[in-house]
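Everything on this sheet refers to the single structure shown next.
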Amino acid sequence: MADPITWLTDGRLITPRGVARGAVGIRGGRLARVGAAPSRGDKQIDVRGRYVAPGFIDLHIWGDPARVAAQEAQTGTTSFLTAIGPESPEHL
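Just so you know, we're using our numbering here: the sequence shown kicks off at 259 and counts up by one.
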C-alpha cells in the first residue's frame with residue numbers, strides 16, 4: 259500500500275502560469291499531485307488564503323555558505339548560489 263497523501267487545500271498556488279487557487283498533495287516529503295481532489299481518508303490541512311510555492315532558489319548570496327544555508331531554509335529557499343567574495347586570486 260502506498261504512503262498516504264497529505265493535502266494542502268484551498269491555497270494560493272504559485273505556478274509557472276501565475277497564482278491559482280487549488281490543492282497540492284504531498285507523499286513521503288515530495289510533491290505527489292497538484293490540483294486534484296483529496297481522496298477519502300487522506301489527511302487535509304486547510305491553508306485557505308495562504309500562498310503555496312515550490313522551494314525558492316536564491317541566485318546571489320554573500321556570506322558563509324553553511325550559515326546562509328540555515329537562514330535560507332527558514333524562508334523556503336531550497337537552493338542557492340554563492341557570489342564571489344572580495345578574496346585574493348589565491349583564494350578564488
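Note that the Cβ used here is the ideal one computed from N, Cα and C, for glycine as well.
Just so it is clear, the structure is predicted and the values come from calculations on it, not from any experiment.
Pairwise C-alpha distance: residue j and residue i
| i | j | result |
| --- | --- | --- |
| Val-282 | Glu-348 | 48 Å |
| Arg-325 | Asp-304 | 33 Å |
| Ala-278 | Ile-272 | 7 Å |
| Lys-301 | Pro-274 | 26 Å |
| Thr-333 | Arg-285 | 22 Å |
| Pro-258 | Ser-297 | There is no way to answer for residue 258, as the model of the chain reaches only from 259 to 350. |
| Leu-317 | Gly-276 | 21 Å |
| Ala-327 | Ala-260 | 32 Å |
| Gln-329 | Gly-299 | 36 Å |
| Ala-331 | Ala-341 | 18 Å |
Identity of the residue in the options nearest residue i by Cα
| i | options | result |
| --- | --- | --- |
| Gly-293 | Thr-267, Lys-301, Gly-299, Val-305 | Thr-267 |
| Arg-306 | Ile-263, Asp-300, Gly-280 | Gly-280 |
| Arg-308 | Glu-330, Arg-270, Ile-284 | Arg-270 |
| Ala-295 | Gly-276, Thr-264, Arg-275 | Thr-264 |
Per DSSP, cross-strand counterpart(s) of residue i
| i | result |
| --- | --- |
| Gly-269 | Gly-280 |
| Ser-337 | Ile-315 |
| Ile-303 | Leu-266 |
| Val-292 | Val-282 |
- Specify whether the stretch 331 to 341 and the stretch 309 to 320 touch according to this definition: at least 3 beta carbon pairs, one from each stretch, less than 8 Å apart. yes
- Report yes or no: do the stretch 315 to 329 and the stretch 286 to 304 share at least 3 C-beta pairs separated by less than 8 Å? no
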